[in-house]
Amino acid sequence: MASVKSLTASVHARLADALSAALPEAASADPLLRRSDRADYQANGILALAKKAKANPRELATQVVEQVVTGDVIKDIEVSGPGFLNVTVADRAITENLAARAADDSGRLGVPPRADAGTTVIDYAQPNVAKEMHVGHLRSAVIGDAVRRMLDFTGEKTIGRHHIGDWGTQFGMLIQYLIEHPHELDHKADPATDVEAAGEEAMSNLNRLYKASRAVFDSDEEFKTRARQRVVALQSGDEETLALWQRFVDESKIYFYSVFEKLDMPVGDDEIVGESAYNHMMAETARMLEESGVAVRSEGALVVFFDDIRGKDDKPVPLIVQKADGGFGYAASDLSAIRDRVFQLKADTLLYVVDARQALHFKMVFETARRAGWLSDAVKAVHLEFGTVLGKDGKPFKTREGETVRLEDLLDEASERAASVVREKAENLPEAERLTEEEIAERGAQVGVGAVKYADLSTSANRDYKFDLDQMVSLNGDTSVYLQYAYARIQSILRKAGEARPVAHPELELHAAERALGLHLDGFADLLAEAAAEYAPHKLTAYLFQLASLFTTFYDKCPVLKADTPAQVENRLFLCDVTGRTLRQGMALLGIRTPERL
17 MASVKSLTAS VHARLADALS AALPEAASAD PLLRRSDRAD YQANGILALA KKAKANPREL
77 ATQVVEQVVT GDVIKDIEVS GPGFLNVTVA DRAITENLAA RAADDSGRLG VPPRADAGTT
137 VIDYAQPNVA KEMHVGHLRS AVIGDAVRRM LDFTGEKTIG RHHIGDWGTQ FGMLIQYLIE
197 HPHELDHKAD PATDVEAAGE EAMSNLNRLY KASRAVFDSD EEFKTRARQR VVALQSGDEE
257 TLALWQRFVD ESKIYFYSVF EKLDMPVGDD EIVGESAYNH MMAETARMLE ESGVAVRSEG
317 ALVVFFDDIR GKDDKPVPLI VQKADGGFGY AASDLSAIRD RVFQLKADTL LYVVDARQAL
377 HFKMVFETAR RAGWLSDAVK AVHLEFGTVL GKDGKPFKTR EGETVRLEDL LDEASERAAS
437 VVREKAENLP EAERLTEEEI AERGAQVGVG AVKYADLSTS ANRDYKFDLD QMVSLNGDTS
497 VYLQYAYARI QSILRKAGEA RPVAHPELEL HAAERALGLH LDGFADLLAE AAAEYAPHKL
557 TAYLFQLASL FTTFYDKCPV LKADTPAQVE NRLFLCDVTG RTLRQGMALL GIRTPERL
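In terms of the working numbering, the sequence shown is residues 17 to 614.
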């Protein structure tokens, strides 16, 4: 793998050296370099340094300029305003840097892995056993998957954990009903050959069983008694009861996998680790907290108090580790999971992609774990909060009947809408480029699901966003469809090039649109490192949208196949190729496909 130093890093290094030469006491100072509309880059760090050194900022800036090495990377540098430095990069440097990225045979486009990579356990996509996944499950799955892909690409070792809700008193009712109606979970579809059909059938069975068991539970006191006895049997480890409970878990997994496949999201069976997996640890967790003094007994319950967390009446709001009746709740499960992830999985970062409404719970859990010594300066826990999916009316997204929207229905509708867009667009293609109905359906799923993901990811995670399918599948604006069509257009250009091939020609002068595109392409590695470190996929979507927009400008202003010279044709094909590869890689990190033809 060949890592490529970005032009930003090269310019930064040149300026830092010049700054050190002009003002030795500022050897470690940051030039504060950024992209600029006035030049390729602008550095404004000299203003603060001049103030500190009691020097004239323009004079100091002029001294720095005199020390800058120009020619190979920096073409021109000038003092602007009160002491800014405007830097223009050489055309040759832009093309050569992109050529080095294109030559990286690992396919990473010269993006280096992090030198300080560690191990992150990422907890995301946490559906509940025997319950349908709805629109509320979308964000954790999509954001978690994208963040994990970005972390993996930057060299971090990631371990997925899907903390499914697989334990609770409701299972007494479900298991008892299944005992009395043993064929309720039988099904015909084979999950090995038809994941979608098997998933639909599994959820249909579970829904029917849940409604039927609830009806009997609410109307039949004798059944209610048997169901409660079944809860006791489950919690005490009765083999028959546990085996039936496992049937519900397995049946639910068939359904989960069908939804995850529709989301184009890989999930390993070993990564689905529900609440029940920590049952054997909870008593020990409680004992350790009590013996260390982190938790105390209050009204029979084992709790942890916090000075800064109080209720409306100014009374402390505790974290309940163990209830007065001896039962354990979510806190004991989450604290036990932290112990497992830190001491067994050897994680140095625990990342929880969970609804913002759980912020107080995680604040208390993390602080408790820190007091216990399970979290420290060397091992951190982060709650990546996300907001709510809203309807066009700005209220939580519901069906017309006021029901929660099923996730599969939402994805199916997105795919159907997208297929209509693809079909309409395909009608304008030459005969040789036309898509079959099967291809339109396949592209529709890729475009539709991609549109849903992109709309979610392009919004900062902690913000709410409006779910608007019409806008999501639009060819205009900041949508994944716009990016996918930009990629497909590039592939079409490359196919039409005939014998001409993408070849870098550093000797050529670049058009302003070529320069803008080239400089943005060179910034991919730096942007990706920032987005991954901040768990911010919205920064990657913003980069990709700008990339597609810059390509559109380049395509409009710079003829590719009809350029003036063969060398210019090759160089512009080269720019197309690197743009396409960067779009494809960036979209893949978001979990979105890029069809070769649309």
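By construction, the Cβ of each residue, glycine as well, lies at the ideal position given by its N, Cα and C atoms.
Secondary structure of Arg505 (DSSP, three-state): helix. Residue burial is scored here from C-beta neighbours: Lys512 has fewer than 16 other C-beta atoms within 10 angstroms and is therefore classed as exposed. Leu485 has its alpha-carbon roughly 12 Å from the corresponding atom of Leu406.
According to DSSP, Glu401 shares a beta bridge with Val370. Setting aside the 5 residues that flank it on each side, Gly171 is surrounded in the same chain by Pro129, Arg130, Ala133, each with a C-beta closer than 7 Å to its C-beta; the list follows chain order. Counting only runs that start and end inside the stretch 40-119, the alpha helix (DSSP H) elements of at least 4 residues fall at 62-69, 73-83, 107-118. Contact annotation, Asp161 with Gly607: C-beta distance approximately 5 Å; criterion of less than 8 Å satisfied. By DSSP's assignment, Asp266 forms no beta bridge with any residue.
The three-state reading of DSSP puts Asp168 in helix, counting H, G and I together. When the beta-carbon positions are compared, Thr475 and Gly152 stay at least 9 Å from each other.
In this structure, Lys278 places its C-beta atom within 9 Å of the C-beta atom of Glu424. Beta bridge pairing from DSSP links Asn144 with Gly181.
Note on geometry: alpha-carbon atoms of Ile62 and Tyr559 lie some 28 Å from one another. Check the Cα spacing between Ile288 and each of Asp139, Asn492, Ser349, Ala299: the tightest is with Asp139.
In the displayed model, Ala385 falls within a helix according to three-state DSSP.
The DSSP assignment places no complete run of the beta strand (DSSP E) inside the stretch 518-548 (cut-off: 3 residues). Between the stretch 196-209 and the stretch 162-182 there are fewer than three C-beta pairs closer than 8 Å, too few to call the two in contact. About 6 Å separates the Cβ atoms of Ala59 and Leu31, confirming a contact at the 8 Å cut-off. Just so you know, the alpha carbons of Thr404 and Tyr470 end up roughly 15 Å apart. Secondary-structure assignment with DSSP links Thr174 through a beta bridge to Thr136. Straight-line spacing of the CA atoms in Ala38 and Val89 works out to 20 Å. Taking the CA atoms as reference points, Leu524 sits about 13 Å from Ala115. Counted as a single uninterrupted DSSP element, the alpha helix (DSSP H) harbouring Arg439 occupies residues 423-442.
With fewer than 16 other Cβ atoms from the protein chains shown falling within 10 Å of its own Cβ, Ile195 counts as exposed.
Under the Cβ criterion (8 Å, minimum of three pairs), the stretch 230-243 does not count as touching the stretch 251-266. Apart from the 5 residues on each side of it in sequence, Ala529 sits with its Cβ closer than 6 Å to the Cβ of Thr569, Phe570, Lys573, Cys574 in its chain, given in chain order.
Here the alpha carbon of Leu605 sits roughly 10 Å from the alpha carbon of Leu599. Taking 3 residues as the shortest admissible run, the stretch 334-363 contains the following complete beta strand (DSSP E) segments, listed from N- to C-terminal end: 335-338. Take the alpha-carbon of Ala71 and the one of Leu23: they are about 30 Å apart. Taking C-beta atoms under 8 Å as the contact rule, Val81 and Ile93 qualify, at a distance of about 5 Å. Under DSSP, Lys512 forms no beta bridge with any residue.
About 6 Å separates the Cβ atoms of Thr384 and Val310, confirming a contact at the 8 Å cut-off. In the structure shown, the three-state DSSP call for Ala317 is strand. CA-CA distance, Val438 to Leu491, rounds to 10 Å.
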